[in-house]
Structure formats: C-alpha cells, structure tokens
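Participant: Under numbering that gives the first Met the number 0, the first residue of the sequence shown is numbered 0, with each subsequent residue one higher.
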Amino acid sequence: MAAQQLAAAGWRVHLYDAMPSVGRKFLLAGKGGLNLTHSEPESAFVQRYGDRAPWVAQWLAELGAPQVRAWAQSLGVSTFIGTSGRVFPQEMKAAPLLRTWLSRLRAAGVQLHMRERWRGWADDGALLLEGPHGSHRVLARTVVLALGGASWPQLGSDGAWVPVLAADGTQVAPLLPANCGFDVVGGAALRGESRREFFKDLVGQGVAQASGWSAHFCERHAGAALKSVALSFADSVGHRFARRGEFVVTGTGVEGSLIYAVSALLRDEIARSHSATFYLDLLPDHPAERVTAEVAHPRGSRSLSTHLKSRLGLSGVKLALLHELLTKEQLSDAAVLAAAIKHLPVTVLAARPVAEAISTAGGVAQESLDAHLMLRRRPGVFCCGEMLDWEAPTGGYLLTACLASGRIAGQGAAHWLSVPRADATVGA
0 MAAQQLAAAG
10 WRVHLYDAMP
20 SVGRKFLLAG
30 KGGLNLTHSE
40 PESAFVQRYG
50 DRAPWVAQWL
60 AELGAPQVRA
70 WAQSLGVSTF
80 IGTSGRVFPQ
90 EMKAAPLLRT
100 WLSRLRAAGV
110 QLHMRERWRG
120 WADDGALLLE
130 GPHGSHRVLA
140 RTVVLALGGA
150 SWPQLGSDGA
160 WVPVLAADGT
170 QVAPLLPANC
180 GFDVVGGAAL
190 RGESRREFFK
200 DLVGQGVAQA
210 SGWSAHFCER
220 HAGAALKSVA
230 LSFADSVGHR
240 FARRGEFVVT
250 GTGVEGSLIY
260 AVSALLRDEI
270 ARSHSATFYL
280 DLLPDHPAER
290 VTAEVAHPRG
300 SRSLSTHLKS
310 RLGLSGVKLA
320 LLHELLTKEQ
330 LSDAAVLAAA
340 IKHLPVTVLA
350 ARPVAEAIST
360 AGGVAQESLD
370 AHLMLRRRPG
380 VFCCGEMLDW
390 EAPTGGYLLT
400 ACLASGRIAG
410 QGAAHWLSVP
420 RADATVGA
C-alpha cells in the first residue's frame, strides 16, 4: 500500500522483500477465506484497537472499512458481508486480489526485488541488504519499513529489526503474542499434592501451580472444539469481557476464535498476576435453575456421565472438561457440579510463544513517530504495519489497520520528497 501511494505520486519505487515472493502473510491470512475488513459502525470499529484507538483512528480516517472495500473493487474484486459482519471477497480468496494488485504496481513502475533482507544502515545512511548475490548497499531518498512483528517468522516477520531500531534510540515496546493460545492448569495439577484455593464461590478445593492437561484428557480431546459456550473474564484492573462462541482444546491448553478475542486481557493479567482465570458457561441456553434441577434429579443406577448426557445433553469434550477440572468430591456434589457447568473456572498460566500467534502486540512506539509515521530519529524513514505498537482482534481489523498505516506512511514519504523525480525504497 505504501508503494502504491508513492507510485501514484510519480516516484520511482523499489520494493525489497525478504521472501521469495510478495505478500506471503497476506496469502496466509486468506487461507481460510480472506477477511478484508468489518462492516460494523465506525465508532465500534475504532474501539477494537483498545488503548491505541486514538492513534489508529488517524490512519482509518484515510483508509477505513468502506475505503478498503472500494479499493478491492478497484482491483476487480467484489466483496460481501458475512453473517458475522465480516467482509470477504466474493471468491473468498487472497490470491486473485494479490495478483491484480501486483500487476497494477508493476505497470506503475514499481520494481520488485525478492529474497532481499534488510540488515540495517551503513554509516552514510545507505540501506544494508543481504540478497541472492550477497550483501550490498542501496541509497534512497526516502525509505518505508514494513518489517512485520514476530508472529509467523517463517514468512519473514521475525522481529530481527528490533535491536537495529532500538540501537538508533527509537522506542520499541516488546513484541508479544496477540490473538494467541494459552497453556492451562489442568487435571494433572488438580490431582497433585500442592493445591491452592480454586472454587472460592463453589466451596471447592484448588489447583496446583502446574500447567497442562492430564495425559488422559489430552490423548482423547486435544483438537476437539468446544462449541456454543460463553466465556467471561474480569481482570484485576477493571476490564471485563463476556462473549459467546467457540474455541479448541490443544495439547497444552486452549486456542481459537473465542480465546483470541480475550487474549490481550488474559496476556496482560498473566503479566501482572502470573495467572488468569476465565469462566465458561457450558450450557448458555440453559438457565441456572434448570441446570441445578436436572443435575439434582435422581439418577438411580445410571453413571454420572449418562445422567448428564440424558438430562442436559452434556457429552464429548464438555463432559470431559468437567471431569478434568473438578475433583471427585466436586463431581459428586450436585450443587457444586451445577454451578460449575454454568461457571467453570479455567486457569491459564502462559500465552503460547509469539512465533505461534496470529499477530503481534508491541513494536515501534507512537512517541518515536510523527503524524506521518516517520521516525523522529531517522528523518525520511517511515514505518507501517504490524511493526508499530498496536494490536487488534481478528475480524478484519488487523488487515485494515495494516493497509491504512501503509497508506499514511506512503503519503508521508511522498510528501517528504521535494524534487520531481528520485529513488524511493520500500522495505519489506
């Protein structure tokens, strides 16, 4: 997007990419259907960026959700709004849009250079690049860095740029996992010798300071989806979250759309308190009174599992989760069990590594950039995309802000240039 702005302004643009082809993370984003943006009202859209909303709103004023749809249409790609409000290309694919986009850029004179990795600056300000033919230098009138965060490093965004900019005096917030999974406190801890209070409101006993599902649970349910559940969470500084949805049990914990939506709050609470506990309603369509009555209904000779399945439809991974997180004493207490079905605590101890995350939090701080996203320490050098210090949930918000910041940086770089023709370099 930065290259598009510079080319449209009449500048000669060279785009250097560390990977063998352009837009690999863009293609990954479209693997299950390219979620370009979201159709919700602008006021709600902007709030998805949390503490960075005022900053990101400046970018979205130039390229918000309606403009992203119009941009796609200009490339011959029609879009539609899905049932969740998310916006997708009609064909649900990223490749056709990317092919047309690159074709337009080439036609506008943008020169692409593949397998070229940026290694910093020479003493005279030249870019140091390492490519197929070895190390070399590139002099440019202006530079846009779009180096990504640290998620999906196999696609090029490995965070190697952080020490280079930090050494230059630029403020860089630590790169952290965003839209990520978590490791849990599971049954192995519940059955350990070291315990702490866990079910305060349910008069139960606790979990140990250890992580991971029990081997029994993991072998049978890793990869299973918990569907139609409601998740609630309140952190220690007053933030609250409540939403229905689904997520997946992993070998070490949990991940998936509902977990990603609350991941920033969980990650930050773990940093403050070393753990975070969210609560699951396994039967959000069932009133608590009904659950209590059904669990207390005499079951005769039937097993507890058969009883819960016949009376409440609880089976599979939901039922297994109760057996995993509750002790035998809790399972045999009808009141405690009914309360747990509606309010089951799940404690997480650590976010999964940033390399596994969908996106990255942290990056170049707003204080180190001007309104055009130019580095204050490096006049003529601009930054955009995921390498900036912002984050957002999935749903089209990530891609929209990346595109919008690219537009701002590209416009800023074009404005910086003061002569009719010069070389401009876009680094990726």
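We put the CB at the ideal spot given by N, CA and C, even for glycine. These numbers come from a predicted model, not from an experiment.
(1) Do the segment 350–365 and the segment 149–160 touch if we need at least three Cβ pairs shorter than 8 Å?
(2) The beta strand (DSSP E) with ARG85 in it runs from where to where?
(3) Is ALA6 buried or exposed, if buried means 16 or more other CB atoms sit within 10 Å of its CB?
(4) Can you look up VAL202 in the DSSP assignment and give me helix, strand or coil?
(5) Which residue marks the beginning of the beta strand (DSSP E) containing ALA241, and which one marks its end?
(6) As an exercise, report each continuous alpha helix (DSSP H) stretch of at least 4 residues that is fully enclosed by the segment 91–164, in chain order.
(7) Identify which residue in SER404, GLY409, VAL21 and GLY237 has its Cα closest to the Cα of SER102.
(8) DSSP three-state call for CYS383: helix, strand or coil?
(9) Does DSSP put ASP182 in a helix, a strand or coil?
(10) Please report the distance separating the alpha-carbon of ALA337 from that of ALA287.
(11) List, from N- to C-terminal side, the alpha helix (DSSP H) runs of 4 residues or more that fit wholly inside the segment 22–64.
(12) For LEU279, which beta-bridge partners are listed by DSSP?
(13) Using only CA atoms, which one of ALA400, HIS306 and PRO378 lies nearest to GLY384?
(14) Quick one, which of ASP123, ASP280, GLY130 and TRP117 has its alpha-carbon nearest LEU492's?
(15) May I ask which residues mark the beginning and end of the beta strand (DSSP E) holding ILE80?
(16) Comparing alpha-carbon positions, which option in SER272, ASP16, SER77 and ALA60 lies nearest LEU35?
(17) Classify GLY315 as helix, strand or coil using the three-state DSSP reduction.
(18) Buried or exposed: HIS220, going by 16 or more other Cβ atoms within 10 Å of its Cβ?
(19) Is the beta carbon of LEU126 closer than 8 Å to that of VAL109?
(20) Taking 7 Å as the cut-off, is the beta-carbon of ASP123 closer than that to any non-hydrogen atom of the ligand GDP?
(21) Going by alpha carbons, who is nearest to LEU175 out of VAL184, CYS217, LEU97 and SER262?
(22) Quick check on the burial criterion: 16 or more other C-beta atoms within 10 angstroms. Buried or exposed for VAL206?
(23) What do you reckon, are the CB atoms on GLY361 and PRO173 nearer than 8 Å?
(24) Can you tell me whether ASP16 is buried or exposed, with buried defined as 16 or more other CB within 10 angstroms of its CB?
(25) Could you tell me the boundaries of the alpha helix (DSSP H) in which LEU416 lies?
(26) Once you ignore the five residues that flank SER304 on each side, which residues in its own chain have a CB closer than 7 Å to its CB?
(27) Check for me: the beta strand (DSSP E) holding HIS13 runs from which residue to which?
(28) I'd like the span of the beta strand (DSSP E) that includes LEU325, first residue to last.
(29) Going straight from the alpha carbon of PHE197 to that of THR346, what length do you get?
(30) Pick out whichever of LYS24, LEU144, ARG301 and GLY409 has its Cα sitting closest to the Cα of MET386.
(31) With 16 other CB atoms within 10 Å as the buried threshold, where does PRO53 fall?
(32) With a 10 Å radius around its C-beta and 16 neighbouring C-beta atoms as the bar for buried, classify MET91 as buried or exposed.
(33) Whose CA, out of ARG51, TRP389, SER404 and GLY158, lies closest to the CA of HIS371?
(34) Distance, Cα to Cα, TRP58 vs CYS382?
(35) Mapping DSSP to helix, strand and coil, what is GLU268?
(36) Can LEU311 and LEU282 be called in contact, C-beta distance under 8 Å?
Facilitator: Quick answer:
(1) yes
(2) 85–88
(3) buried
(4) With a pLDDT of only 36 at VAL202, under 50, the local geometry of the prediction cannot be trusted, and no value is derived from it.
(5) 239–248
(6) 94–106
(7) VAL21
(8) coil
(9) strand
(10) 8 Å
(11) 23–28, 41–46 and 52–59
(12) LEU230 and LEU343
(13) ALA400
(14) The question about residue 492 has no answer here: the residues shown for the chain are numbered 0 through 427.
(15) 78–80
(16) SER77
(17) helix
(18) buried
(19) no
(20) The model depicted lacks the ligand GDP and carries no ligand whatsoever.
(21) SER262
(22) Only weak support is given to the placement of VAL206: the predicted model assigns it a pLDDT of 35, under 50, and the value that follows is read from those uncertain coordinates. Buried, because 16 or more other Cβ atoms sit within 10 Å of the Cβ of VAL206.
(23) yes
(24) buried
(25) Per DSSP, LEU416 belongs to no alpha helix (DSSP H) and is neither H nor E.
(26) LEU318
(27) 11–15
(28) Looking at the DSSP string, LEU325 is not in any beta strand (DSSP E), and its letter there is neither H nor E.
(29) Low confidence applies here, because PHE197 scores a pLDDT of 42, under 50, leaving its location unreliable; read the following figure in that light. Cα-Cα distance, rounded: 9 Å.
(30) LEU144
(31) exposed
(32) exposed
(33) SER404
(34) 13 Å
(35) helix
(36) yes
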